[in-house]
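Working notes, beginning with the structure itself.
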Amino acid sequence: MAMTQQRKETLHFVSSLVFDTTPFITFFSHCNCSHHPVLVTFFSVGKYNSGFVPTGVACFTPFSLCFVGVWNSQTSFTGVREVTFTMAGAAPPPKPEELQPHPVKDQLPNVSYCITSPPPWPEAILLGFQHYLVMLGTTVLIPTTLVTQMGGGNEEKAKMIQTLLFVAGINTFFQTLFGTRLPAVIGGSYTFVPTTISIIMAGRYDDILNPQERFERIMRGTQGALIVASTLQIVVGFSGLWRNVVRFLSPLSAVPLVALSGFGLYELGFPVLAKCVEIGLPEIIILLVFSQYIPHVMKGEKPIYDRFAVLFSVTIVWIYAHILTVGGAYKNVPERTQATCRTDRAGIISGAPWIRVPYPFQWGAPTFDAGEAFATMAASLVALVESTGGFIAVSRYASATPLPPSVLSRGVGWQGVGILLSGIFGTGNGSSVSVENAGLLALTRVGSRRVVQISAGFMIFFSILGKFGAVFASIPAPIVAALYCLFFAYVGSAGLGFLQFCNLNSFRTKFIIGFSIFMGLSVPQYFNEYTAFKNYSPVHTHARWFNDMINIPFSSKAFVAGSLALFLDATLHKDSQTHKDTGMHWWDRFSSFKTDTRSEEFYSLPFNLNKFFPSV
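Going by the working numbering, the sequence shown opens with residue 195, and the numbers climb by one from there.
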């Protein structure tokens with residue numbers, strides 16, 4: 195834009211924030227066509243004899259240019275060729291939007307309550323009860339699978355569920371108080387199921403004709419194996435050996451481990467849901483509606499629908515399933531369908547006592563077999579790796595900083611204590627981090643430690659009041675599987691979230707991620723298909739314990755993917771650039787407990803125990 199004065203000097207209007215070094219006069223003012231203060235700068239770029247005194251203001255808006263007042267010179271001057279107006283404070287001309295990647299966050303944002311910020315007590319109690327409902331799925335499914343093969347009936351199944359619940363409550367409380375201090379539920383683990391089945395098939399129990407005696411003898415065998423296997427995690431955790439291993443764990447190698455800790459459990463999702471699709475499909479639809487759609491349509495002061503979506507959806511579908519049961523919808527269907535769809539076929543309520551406190555060695559003195567102990571120890575190693583992925587996912591959804599290796603090692607040690615308690619009380623199964631409860635943290639956006647400790651109280655309470663606990667434990671498995679579809683997906687996506695720390699334009703990064711995830715899916719698929727078709731695993735010698743030691747690790751997707759990623763990341767060529775490509779420079783400050791002040795806030799022990807048990 196140009197203007198011509200009487201003396202025909204040219205006035206140029208420039209939108210710039212650059213100041214010339216020649217003499218200038220500046221002042222701030224407002225004008226009617228702008229809502230922003232405007233800095234107007236007048237300066238000459240030629241020779242001059244006297245000053246140039248402005249008597250007006252020039253201002254700019256994104257929509258118009260305007261000049262208010264007149265420009266004149268109070269003294270004569272010659273040689274001035276140009277006067278440039280430089281404006282500041284107003285919006286610059288629109289520029290093309292610069293595309294920037296999303297910022298990296300070492301703590302997950304938008305979490306309503308983190309570890310140290312508990313919600314109000316009424317809300318915390320409801321959330322704790324919701325965690326209790328979610329962990330019931332694994333607690334019921336494992337005894338349902340094992341008890342009949344062990345020779346037990348509904349009464350033994352109810353006692354086993356009570357014991358699992360009781361020990362899970364104790365282990366969860368210990369883990370949140372003395373372990374990692376994360377809001378992680380420690381419950382039953384599917385990883386130990388093959389070793390229990392191997393003990394069931396041992397030849398020394400074939401000559402026992404009494405089913406109840408056979409059940410107790412097998413249970414005593416699992417007790418001895420679990421007690422010995424617990425020493426692995428206790429020693430590796432409390433000695434600091436696992437701390438030295440996970441120091442090599444980078445965001446890059448954490449991606450396959452955490453991702454397949456969730457995605458790798460897909461067999462427990464829709465395949466189980468489809469066994470009774472008329473109640474499983476409504477459950478997953480209603481859960482999605484309450485958690486993802488209603489909060490955006492019916493906005494309130496507090497997030498009620500998404501935070502308690504599990505309570506709403508399970509209650510609705512459970513009532514619906516009961517109406518189908520009493521209405522005779524399953525009278526003429528196969529027995530297998532009735533077992534999965536009916537609400538009165540679990541047999542837990544009838545077999546559960548009103549009040550019963552589980553106690554140590556309730557099935558008798560444990561028996562020990564070296565082979566079974568080694569096989570269970572292999573399962574304990576797999577559970578150790580899987581739980582590492584679970585702890586990392588929990589720390590992410592609790593909006594905590596990455597776990598220092600010493601804290602993770604401490605948590606592993608207390609998980610070993612949990613397996614020891616499982617052997618002492620006789621749960622028939624080991625323990626590990628509950629993946630489904632880690633996913634529930636993401637759904638509710640509540641990572642409070644107090645909430646999970648309240649859920650531990652519910653576990654202990656309902657394990658003692660058998661009849662009341664059995665009512666909730668009789669929820670049909672397809673409803674639980676529908677919950678798993680969402681929760682396992684959340685945990686898997688937590689693993690993918692660590693890609694934000696990595697350089698995805700690096701071929702080294704692409705190879706490690708792609709190869710480890712592919713092999714983590716492919717190798718266990720081979721082992722599982724081989725076993726399904728031939729009724730024995732690829733490694734099948736005369737020593738069943740040796741077979742289990744090889745087959746169990748390679749049947750775990752998280753174990754294969756995580757171990758392979760850690761090995762490749764540690765052994766392939768590394769330099770300063772690859773250190774950044776793996777995202778390790780983001781986690782370096784969390785490699786020690788004391789290098790980041792937030793670690794003490796999230797992970798320090800209570801009662802000033804850090805003085806006696808310092809973290810390094």
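Glycine residues also receive a C-beta, built at the ideal position from the N, C-alpha and C atoms.
Whether or not the stretch 555 to 572 and the stretch 696 to 703 are in contact is what I'm after, with contact meaning three or more pairs of Cβ atoms, one per stretch, closer than 8 Å; do they touch?
no
Do you know offhand how far residue 686's Cα is from residue 359's?
Straight-line measurement puts the Cα of residue 359 at about 26 Å from the Cα of residue 686.
Since residue 592 and residue 376 are thought to touch, with beta carbons under 8 Å apart, how far apart are those beta carbons, to the nearest angstrom?
6 Å
Starting from the Cα of residue 455, find the closest Cα among 393, 488, 437 and 385 and give me that residue.
385
First through last residue of the beta strand (DSSP E) which encompasses residue 345:
That residue, residue 345, is in no beta strand (DSSP E); it is neither H nor E in DSSP.
How would you label residue 553, buried or exposed, when you count the other beta carbons within 10 angstroms and need 16 or more for buried?
Label assigned to residue 553: exposed.
Inter-residue CB distance, residue 781 and residue 596 (contact presumed, cutoff 8 Å)
With 8 Å as the limit, residue 781 and residue 596 qualify as a contact, their Cβ atoms being about 5 Å apart.
My guess is that residue 678 and residue 463 are in contact by the Cβ rule of under 8 Å, so how many angstroms apart are they, rounded?
5 Å
Beta-carbon gap between residue 672 and residue 469 smaller than 7 Å:
yes
Just to confirm, is the Cβ distance from residue 194 to residue 365 under 7 Å?
Residue 194 lies beyond the residue range present for the chain, which begins at 195 and ends at 810; the question has no answer from this structure.
When we look at the beta-carbon of residue 743 and count the other beta-carbons within 10 Å, is it buried (16 or more) or exposed?
buried
What is the residue span of the alpha helix (DSSP H) that residue 793 lies within?
791 to 797
Residues of its chain near residue 172, where Cβ-Cβ distance is below 6 Å and the 5 sequence neighbours each way are ignored
Nothing can be reported for residue 172: it is not among the residues displayed for the chain, which extend from 195 to 810.
Just checking, does the stretch 606 to 626 make contact with the stretch 293 to 305 on the three C-beta pairs under 8 Å criterion?
Because the criterion of three Cβ pairs below 8 Å is not met, the stretch 606 to 626 and the stretch 293 to 305 do not touch.
Through-space distance from residue 680 to residue 637, alpha-carbon basis
9 Å
Run of the beta strand (DSSP E) containing residue 627, from where it starts to where it stops:
625 to 627
Taking 7 Å as the limit between beta carbons, can you name the residues of its chain near residue 735, skipping five residues before and five after?
741
Note down the Cα distance separating residue 803 from residue 439, rounded to an integer number of angstroms.
25 Å
Tell me whether residue 380, by its Cβ, gets closer than 6 Å to a heavy atom of the ligand MN.
Only the bare structure without any ligand can be found here, which leaves the ligand MN out of the picture.
Is it buried or exposed, residue 517, if we count other Cβ atoms within 10 angstroms and call 16 or more buried?
Per the 10 Å Cβ criterion, exposed.
Let me know the secondary structure DSSP gives residue 499 once reduced to three states.
helix
Nearest to residue 309 (by Cα), restricted to the options 423, 527, 594 and 402:
594
Where residue 380 falls: helix, strand or coil (DSSP)
strand
Can the beta-carbon of residue 410 be found less than 7 Å from the beta-carbon of residue 557?
Yes, the Cβ-Cβ distance between residue 410 and residue 557 is below 7 Å.
With 16 other CB atoms within 10 Å as the buried threshold, where does residue 729 fall?
exposed
Is residue 315 buried or exposed, if buried means 16 or more other CB atoms sit within 10 Å of its CB?
The residue in question, residue 315, is exposed, as its Cβ has fewer than 16 Cβ neighbours within 10 Å.
Distance, Cα to Cα, residue 762 vs residue 618?
39 Å
Can you list, in chain order, the residues of its chain whose CB lies under 6 Å from that of residue 603, leaving out five sequence neighbours each side?
Hits under 6 Å: 431, 434, 436 and 437.
Buried or exposed: residue 548, going by 16 or more other Cβ atoms within 10 Å of its Cβ?
exposed
Leaving out five residues before and five after residue 754 in sequence, what residues of the same chain have Cβ atoms less than 7 Å from its Cβ?
713, 714, 717, 718 and 748
Please name the residue in 534, 642, 424 and 368 whose C-alpha comes closest to that of residue 796.
Put simply, of 534, 642, 424 and 368 the residue whose alpha carbon is nearest the alpha carbon of residue 796 is 642.
Taking one C-beta from the stretch 395 to 402 and one from the stretch 527 to 545 each time, how about it: are there three or more such pairs within less than 8 Å?
Contact fails: fewer than three Cβ-Cβ distances are below 8 Å.
Just how far apart, CA to CA, sit residue 663 and residue 499?
Pairing residue 663 with residue 499, the inter-Cα distance amounts to about 25 Å.
Using a threshold of 7 Å, state whether the C-beta atoms of residue 427 and residue 606 are closer than that.
yes
Are the beta-carbon atoms belonging to residue 689 and residue 444 less than 7 Å from one another?
no
Could you tell me whether the Cβ atoms of residue 608 and residue 372 are closer together than 7 Å?
yes
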